[in-house]
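A.B. asks: Offset between the sequence shown (1-based) and this note's numbering: plus 295.
Where a beta carbon is used, it is the ideal one built from N, C-alpha and C, also for glycine.
Remember, predicted model here, so these are calculated numbers, not experimental data.
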Amino acid sequence: MPELFFMLFYLYDRKNKIKVFLPEGELHFVVIICMLFFCLGLTNFDFTIYGIVNTLRVHLYIMLFFILFRHNSIFNLKFLFKLSLGVVLGTMIVAYFTLQYRLGITSNKEWAINSNIIAVTFLVAIAILKGNWMQNTLVFMLAFITCFLSASRGVIVFYALSYVIALSLKISTNRKNILFIPLMLLAVWGILNSVNYLEPVVQDISPTMHHRLYTKTQDNINQESTSSDDMRFSNIIYILEQIPNRILPSGFVDKSQVEKLPLELWSLRDLPFNELLYMYGTLVLLILYLIYIRKSAGLLLKFYTKGDNVYGVLFVSSVVFFIAVFIGGGLLERAYFSPFIGIFLGMSFKRPDNRVAMARQMMKSFV
């Protein structure tokens with residue numbers, strides 16, 4: 296798993312002794328919600344217990360890390376940059392070995408490597424808003440290599456969104472930062488030329504990779520839909536039609552054998568929004584989205600009023616995360632993506648002052 300590579304960087308901070316506060320009431324609430332949604336998921340006889348448990352793990356990790364980072368100040372931007380860098384390096388290495396493995400297989404089945412969207416956003420936003428030119432150069436090179444090796448248009452889109460939003464924030468705070476635009480355009484021009492130069496090589500090495508990176512992208516530029524785009528559009532139409540029928544929560548879903556499920560449930564894996572709509576129901580999800588949008592606006596306001604780059608990084612992540620829910624990218628597909636989602640949400644909804652709670656917890660430890 297790519298997240299294991301963060302241990303390489305964690306060794307630098309192993310001497311830091313961190314005391315955490317976890318409110319028992321919230322932990323009990325998480326357990327109750329998970330048990331309730333697990334039981335609701337069992338009412339769908341198309342689902343298997345194994346698949347439901349896998350989905351439970353994903354959301355359990357999100358909730359636990361949300362509580363942890365909502366009540367504790369554990370990571371600063373410097374360490375968060377190291378953590379995200381380790382994840383992206385791990386993803387790049389996994390993508391490289393996957394490509395090497397696929398080169399020895401004669402198969403027409405398409406493949407792609409999804410990246411940790413929140414880690415990508417953290418890495419780009421921290422580099423743009425607080426990093427120096429060396430960090431920005433490193434991140435830009437990693438972005439190009441990862442996008443190329445992953446053979447995923449989704450990864451390209453999320454990197455591009457992160458750069459556009461982070462640069463917009465940086466320029467809006469100081470007009471002198473507009474000098475970043477010519478430099479970025481020059482770098483993009485160099486990458487596009489490199490991509491065109493490498494196209495014949497990619498075609499010879501991996502026709503599937505060429506189809507995903509070049510053919511599909513060119514079709515999108517020419518406003519021509521692909522089969523996957525048509526299916527995604529059909530899924531969105533289906534979801535919109537189902538909103539009035541999904542008022543109440545239905546529990547955790549099973550994405551392990553989605554091809555064997557009824558056609559109307561296929562989009563549970565491709566579109567995180569459909570999974571959330573199925574789980575929480577229309578009413579609860581609407582309330583959660585309104586709270587989320589309000590919090591995102593608050594992060595932007597704090598970034599401009601307090602001038603703290605943490606709020607800028609979190610705002611960039613909030614926009615990218617919101618978009619990712621509607622277009623996919625493996626956001627809720629893997630359990631090892633969940634900690635970063637929980638970290639992001641916990642830091643975004645962080646309580647203003649945890650000193651009283653920490654003091655109470657420390658007092659209990661001496662009793």
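#1: Are there three or more Cβ pairs, one per stretch, closer than 8 Å when the stretch 342-360 is compared with the stretch 542-552?
#2: Whether or not the stretch 618-637 and the stretch 450-470 are in contact is what I'm after, with contact meaning three or more pairs of Cβ atoms, one per stretch, closer than 8 Å; do they touch?
#3: If you follow the alpha helix (DSSP H) that N593 is in, where does it begin and where does it stop?
#4: Pick helix, strand or coil for I388, following the three-state DSSP scheme.
#5: Taking the alpha carbon of F644 as the point to measure from, which residue in M330, D565, R589, T338 has its own alpha carbon closest?
#6: If you draw a straight line from the alpha carbon of V326 to that of N540, how long is it in whole angstroms?
#7: According to DSSP, simplified to helix, strand and coil, what is V315?
#8: When DSSP labels each residue in this structure, what does N409 get in the three-state scheme?
#9: Indicate the three-state DSSP secondary structure (helix, strand or coil) for L352 in the structure shown.
#10: Mind checking which residues open and close the alpha helix (DSSP H) that includes K465?
#11: Between the alpha carbons of I408 and T338, how many angstroms are there, rounded?
#12: Taking C-beta to C-beta, are G641 and L433 nearer than 8 Å?
#13: Are three or more beta carbon pairs between the stretch 575-593 and the stretch 367-385 nearer than 8 Å?
#14: Tell me which same chain residues have a C-beta within less than 6 Å of the C-beta of I460, skipping the five on either side of it?
#15: Going by beta-carbon coordinates alone, are M479 and T441 separated by less than 8 Å?
#16: Can you give me the start and stop residues for the alpha helix (DSSP H) that Y606 sits inside?
#17: Rounded to whole angstroms, what's the CA-CA distance from D603 to E536? Just pull it up for me.
#18: Taking all protein chains shown into account, decide if P544 is buried (16 or more other Cβ within 10 angstroms of its Cβ) or exposed.
#19: Hey, out of L355, V348, L351, C334, whose CA is closest to E321's CA?
#20: How is the alpha helix (DSSP H) around P544 delimited, first residue to last?
#21: Since Y458 and V419 are thought to touch, with beta carbons under 8 Å apart, how far apart are those beta carbons, to the nearest angstrom?
#22: Express the C-alpha separation of S463 and H366 in angstroms, rounding to a whole number.
#23: Pull up the distance between the alpha-carbon of Y391 and that of L609, whole angstroms please.
#24: Leaving out the 5 sequence neighbours to the left and right, which residues in its chain are closer than 6 Å to P567 when beta-carbon positions are compared?
#25: What number of angstroms, rounded off, separates the C-alpha of D565 from the C-alpha of G623?
#26: On the DSSP letters alone, give me the boundaries of the alpha helix (DSSP H) that T338 sits inside.
#27: Please report how far the alpha carbon of V353 lies from the alpha carbon of K601, in whole angstroms.
C.D. replies: Short version:
#1: yes
#2: yes
#3: Reading the sequence shown from its first residue, position 298 is the one you call residue 593. Per the sequence shown, the amino acid found at residue 593 is Gly instead of Asn. Residues 567-601.
#4: Numbered from 1 along the sequence shown, position 93 holds the residue referred to as residue 388. I388 falls in the helix class under three-state DSSP.
#5: For the purposes of this step, residue 644 is taken as residue 349 along the sequence shown, with counting starting at 1. Ranking the options by Cα distance to F644, first place goes to R589.
#6: For the purposes of this step, residue 326 is taken as the residue at position 31 of the sequence shown. For the purposes of this step, residue 540 is taken as the residue at position 245 of the sequence shown. Cα to Cα, the separation comes out at about 27 Å.
#7: As a position in the sequence shown, residue 315 is number 20, starting the count at 1. The answer is coil: DSSP assigns V315 none of H, G, I, E or B.
#8: Residue mapping note: residue 409 aligns to position 114 of the sequence shown, counting from 1. Of the three classes helix, strand and coil, the one that applies to N409 here is coil, per DSSP.
#9: Position 57 of the sequence shown, counted from the start, is the residue given in the question as residue 352. According to the sequence shown, residue 352 is Arg rather than Leu. R352 falls in the helix class under three-state DSSP.
#10: In the sequence shown, the residue the question calls residue 465 occupies position 170. Note, K465: alpha helix (DSSP H), 448-468.
#11: The residue you call residue 408 lines up with position 113 of the sequence shown. The residue you call residue 338 lines up with position 43 of the sequence shown. Using only the alpha carbons, I get a separation of about 33 Å.
#12: Along the sequence shown, one-based indexing puts residue 641 at 346. Along the sequence shown, one-based indexing puts residue 433 at 138. Taking 8 Å as the Cβ cut-off, G641 and L433 do not qualify as a contacting pair.
#13: no
#14: The count along the sequence shown starts at 1 and reaches residue 460 at position 165. Same-chain partners within the cutoff: V611, V614.
#15: Here residue 479 is taken as the residue at index 184 of the sequence shown, counted from 1. Here residue 441 is taken as the residue at index 146 of the sequence shown, counted from 1. Going by C-beta atoms, M479 is not nearer than 8 Å to T441.
#16: Counted from its first residue, the sequence shown places residue 606 at position 311. Per DSSP, Y606 belongs to the alpha helix (DSSP H) from 604-622.
#17: The count along the sequence shown starts at 1 and reaches residue 603 at position 308. The count along the sequence shown starts at 1 and reaches residue 536 at position 241. D603 and E536 have their C-alpha atoms spaced approximately 42 Å apart.
#18: In the sequence shown, residue 544 corresponds to position 249, counting from 1. By the neighbour-count rule (16 or more Cβ atoms within 10 Å), P544 is buried.
#19: Numbered from its first residue, the sequence shown carries residue 321 at position 26. It is L355.
#20: On the sequence shown, position 249 is the one that residue 544 refers to. Run containing P544: none; DSSP gives neither H nor E here.
#21: Indexing the sequence shown from 1 puts residue 458 at position 163. Indexing the sequence shown from 1 puts residue 419 at position 124. About 6 Å; that satisfies the 8 Å criterion.
#22: On the sequence shown, residue 366 is found 71 positions in, with the first residue counted as 1. On the sequence shown, residue 463 is found 168 positions in, with the first residue counted as 1. Taking the straight line joining both Cα atoms gives about 30 Å.
#23: Working through the sequence shown from its first residue, we reach residue 391 at position 96. Working through the sequence shown from its first residue, we reach residue 609 at position 314. Approximately 30 Å, taken between the alpha carbons.
#24: Taking the first residue of the sequence shown as 1, we reach residue 567 at position 272. Excluding residues within five positions, the ones whose Cβ falls inside 6 Å are V620, L626, L627.
#25: One-based indexing of the sequence shown puts residue 565 at position 270. One-based indexing of the sequence shown puts residue 623 at position 328. In a straight line, the C-alpha of D565 is about 6 Å away from that of G623.
#26: Along the sequence shown, one-based indexing puts residue 338 at 43. Run containing T338: none; DSSP gives neither H nor E here.
#27: Counting from 1 along the sequence shown, the entry for residue 353 is found at position 58. Counting from 1 along the sequence shown, the entry for residue 601 is found at position 306. When rounded, the distance between both Cα atoms is 34 Å.
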